[in-house]
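Read in the numbering used here, the sequence shown has 108 at position 108, and its numbers run on one by one without any break.
What follows is one structure encoded as structure tokens, with my remarks underneath.
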Amino acid sequence: MEAQSEKPRARWWWPGALVAGPVAIAFAGLALWGLAWGVPSERRARLEGSKAGAPKLPPGAVEQSWTHWGSRGLRTQVGQAFPRHLFNPVRSYHPDEYQVFKSLSHMRPRRLSFDPGNYIYPSLHTYLVGGALGACSLLGVVRLERDLGYYFEHPGELGRMYLVGRALSVLAAVGVLLLVWRVGESMGRGTGLLAMGLLAAMPALGIHAHNLTRDTCAALAVVALFACCRRLAQTGTARWFDLGGAAAGLCVGLQYFAAPLWVLVPVAARLHRRREGGSGRALATGLAVSLVVMVAVFFLSCPYHFLNADRFVADFRSETGHVGGGGLLARLVSLGWATHVFRMMPALATWPLTVVVCAGVVVAVVRRGDDDLLLLAWLVVWAGIVGFDGRNYSRYYVPLLPALALLASRGLVWMAGRAWRVVRPRWARVAVAAAVVAAAGGPAAATTWAWSRLYSRENVRTLAGEWVAEHVRAGASIGVTKWPWQFEMPSLDPRRYRLVVLEDSPRRDPHDLARLLRLRPGYFVTSSLQSGRIGGGIDATDAGGRFWRFLLASGAMYRVCYEGRVPLALCGREWALAGYPEDMLYVNPVVYVLERTVSEARAPADGRGS
1 MEAQSEKPRA RWWWPGALVA GPVAIAFAGL ALWGLAWGVP SERRARLEGS
51 KAGAPKLPPG AVEQSWTHWG SRGLRTQVGQ AFPRHLFNPV RSYHPDEYQV
101 FKSLSHMRPR RLSFDPGNYI YPSLHTYLVG GALGACSLLG VVRLERDLGY
151 YFEHPGELGR MYLVGRALSV LAAVGVLLLV WRVGESMGRG TGLLAMGLLA
201 AMPALGIHAH NLTRDTCAAL AVVALFACCR RLAQTGTARW FDLGGAAAGL
251 CVGLQYFAAP LWVLVPVAAR LHRRREGGSG RALATGLAVS LVVMVAVFFL
301 SCPYHFLNAD RFVADFRSET GHVGGGGLLA RLVSLGWATH VFRMMPALAT
351 WPLTVVVCAG VVVAVVRRGD DDLLLLAWLV VWAGIVGFDG RNYSRYYVPL
401 LPALALLASR GLVWMAGRAW RVVRPRWARV AVAAAVVAAA GGPAAATTWA
451 WSRLYSRENV RTLAGEWVAE HVRAGASIGV TKWPWQFEMP SLDPRRYRLV
501 VLEDSPRRDP HDLARLLRLR PGYFVTSSLQ SGRIGGGIDA TDAGGRFWRF
551 LLASGAMYRV CYEGRVPLAL CGREWALAGY PEDMLYVNPV VYVLERTVSE
601 ARAPADGRGS
């Protein structure tokens with residue numbers, strides 16, 4: 001077995017910082033460049049008629065006004081009175097960011113009540129964002145109001161609150177980069193810098209640093225857990241059992257998926273005992289204490305999950321019910337969970353870097369040193385649990401990206417050590433190393449740059465809304481399948497236009513072709529998030545597919561008069577995003593505005609369209 005690497009001398013710290021610092025600053029700069037994408041603003045408010053359309057809640061519901069803005073408007077009496085499209089001006093274009101503000105609005109700090117009222121997610125991230133907003137409020141950066149109506153009148157104020165939360169995501173991502181650098185350098189000279197650079201180049205980290213979500217914070221906690229486990233494997237002292245348990249508790253307080261990652265603690269303890277020996281009783285005691293500490297930290301970070309255990313269990317089941325679909329045994333036997341991470345890797349890190357990561361995994365399996373085994377355990381546990389969940393979300397893999405970067409870096413350093421036996425001249429070694437790093441990380445860095453540039457541009461939903469406001473006369477009828485949701489649709493003013501909503505009640509079918517032909521709105525608005533791409537990619541085997549094919553592809557009733565696209569491109573080359581994970585496409589739908597071409601149209605007798 002390979003001996004544990006010696007910690008580099010302190011004299012290497014400052015030269016490394018001269019490289020790590022600019023990398024961290026460049027990454028933060030790219031994220032901050034487009035941090036304001038899709039947040040509430042005066043520009044959007046004018047298109048959505050927010051001042052004229054602010055929901056007028058009854059007196060008894062004023063304090064609960066924040067709780068209604070995520071409703072689809074169909075399930076409850078209050079929800080039907082205040083459908084979700086009324087709240088578009090105070091939501092960002094990301095479909096999940098508003099959850100943080102809903103949870104914060106449920107709290108009553110003056111009464112010492114910090115119940116988020118929402119247990120689908122852990123609450124530690126919500127508390128962190130709340131603390132940041134409180135601090136910024138004291139500094140005059142943001143203004144906190146309990147009345148949601150205030151933000152309809154001043155959407156820019158709420159936009160600044162979104163920016164504060166997103167800035168926390170950027171800071172956490174920078175913290176991940178710096179911690180990976182320090183941990184990697186303790187594995188060997190140059191390993192940390194290389195891992196940091198590869199991680200910064202991975203598109204998934206840069207993309208999710210733009211969002212007010214818990215993913216980068218969870219990644220920071222997971223890297224801290226790995227660092228504690230490394231020290232436990234080296235020293236075996238009780239302090240690292242405790243700190244490992246505390247770090248694991250923080251991980252679970254940010255992401256439920258992280259609970260099984262506590263297994264790194266016993267893996268590290270077993271590695272130390274294999275090398276140094278020791279009492280099995282002391283090992284068992286340390287693990288028990290570590291587990292208790294993890295639960296205690298999770299309780300302190302999410303206390304209301306325990307105090308309202310029944311609601312927590314109900315919310316958790318609602319979020320994970322899909323896992324049992326088709327049977328757990330069938331899911332295990334299919335092995336789709338085991339290959340999930342490999343299917344996601346090209347989107348997370350691009351193909352060249354995926355190849356390097358795979359090579360690093362092979363090297364780790366061959367070497368089987370302490371660090372190799374801990375990294376492999378991290379990879380297997382996290383990829384297994386996310387793969388078993390099965391959803392096509394890249395954000396779930398953000399806490400795994402540091403492990404992939406460290407595996408890739410260690411693999412490259414190990415292979416370089418063997419190659420230098422053949423390549424003798426120093427200039428040749430430098431040239432070969434630069435070429436390999438550029439080939440591995442260059443495409444990923446270029447892709448990250450392209451994504452950052454896309455986030456910095458005005459969002460396609462706003463541009464499409466401005467086109468509609470300029471070219472579609474007031475009072476025109478605009479058809480939509482569902483109440484316009486700012487995530488799927490451009491900015492539309494429901495008081496300027498007559499919206500023809502196919503799903504205007506719980507019993508209506510949003511893809512009712514016969515009803516569309518009967519109502520015949522003058523225009524129809526949709527996006528690729530609803531329908532797929534026009535002229536292809538539409539499955540016509542079900543009612544929804546037949547609806548979209550008739551509407552978009554047949555030309556029998558409507559023609560496309562506006563196609564809003566802001567492509568992901570670099571040097572004139574446009575990326576095809578059809579196979580990308582769903583949450584990497586939130587920023588970049590294609591918006592279609594269709595105009596009716598005929599005054600009369602008849603649905604086919606079988607109702608299938610053409």
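Heads up, the beta-carbon is just placed ideally off N, CA and C, and yes, glycines get one too.
{"Item": "Nearest to A403 (by Cα), restricted to the options R395, A446, S394, L374", "Value": "L374"}
{"Item": "Identity of the residue in A433, R421, G130 nearest L412 by Cα", "Value": "A433"}
{"Item": "Start and end residues, beta strand (DSSP E) containing T526", "Value": "523-527"}
{"Item": "Where the alpha helix (DSSP H) through Y455 begins and ends", "Value": "426-456"}
{"Item": "Beta-carbon spacing of V398, A224 below 9 Å", "Value": "no"}
{"Item": "Rounded C-alpha distance that separates V141 from P40", "Value": "16 Å"}
{"Item": "Spatial distance of R368 from L376 (CA atoms)", "Value": "9 Å"}
{"Item": "9 Å Cβ cutoff met for L454 and L529", "Value": "no"}
{"Item": "In chain order, each alpha helix (DSSP H) run of at least 4 residues that lies wholly inside the stretch 244-328", "Value": "264-276, 280-301, 303-307, 309-320"}
{"Item": "Alpha carbon of S318 to alpha carbon of V263, nearest angstrom", "Value": "26 Å"}
{"Item": "Cβ-based burial, P589 [other Cβ within 10 Å; buried from 16]", "Value": "buried"}
{"Item": "Secondary structure, alpha helix (DSSP H): runs of 4+ residues fully inside the stretch 358-409", "Value": "370-389"}
{"Item": "C-alpha gap between I207 and A450, whole angstroms", "Value": "10 Å"}
{"Item": "Inter-residue Cα distance where the pair is A347 and D371", "Value": "26 Å"}
{"Item": "Beta-carbon separation (whole angstroms), P352 vs A440, contact threshold 8 Å", "Value": "6 Å"}
{"Item": "Proximity to Y497 [Cα-Cα], best of V566, F487, H471, S505", "Value": "H471"}
{"Item": "Contact check, L261 vs A248, beta carbons under 9 Å", "Value": "yes"}
{"Item": "Exposure of T285, with buried meaning 16 or more beta-carbon neighbours within 10 Å", "Value": "exposed"}
{"Item": "Strand pairing of S477, partner residues [DSSP]", "Value": "R498"}
{"Item": "As assigned by DSSP and simplified to three states, the class of Y98", "Value": "helix"}
{"Item": "Backbone CA spacing between Y592 and E145 [nearest angstrom]", "Value": "37 Å"}
{"Item": "Three-state secondary structure assigned by DSSP to L594", "Value": "strand"}
{"Item": "N- and C-terminal bounds of the alpha helix (DSSP H) containing E42", "Value": "42-48"}
{"Item": "Residue closest to G522, alpha-carbon to alpha-carbon, out of A543, K482, V500", "Value": "V500"}
{"Item": "Pair within 9 Å by beta-carbon distance, V180 and G188", "Value": "no"}
{"Item": "Separation of R559 from F316, as counted between CA atoms", "Value": "44 Å"}
{"Item": "Nearest-angstrom Cβ-Cβ length linking R395 and D583, presumed shorter than 8 Å", "Value": "5 Å"}
{"Item": "Proximity winner among R230, E185, R91, relative to G159 (alpha-carbon distances)", "Value": "R91"}
{"Item": "Selection from A132, H154, A31, A24 that minimises the alpha carbon distance to A45", "Value": "H154"}
{"Item": "Supposed contact pair L232 and V183 - C-beta distance, whole angstroms, cut 8 Å", "Value": "Actually they are not in contact, since the Cβ atoms of V183 and L232 sit about 14 Å apart, beyond 8 Å."}
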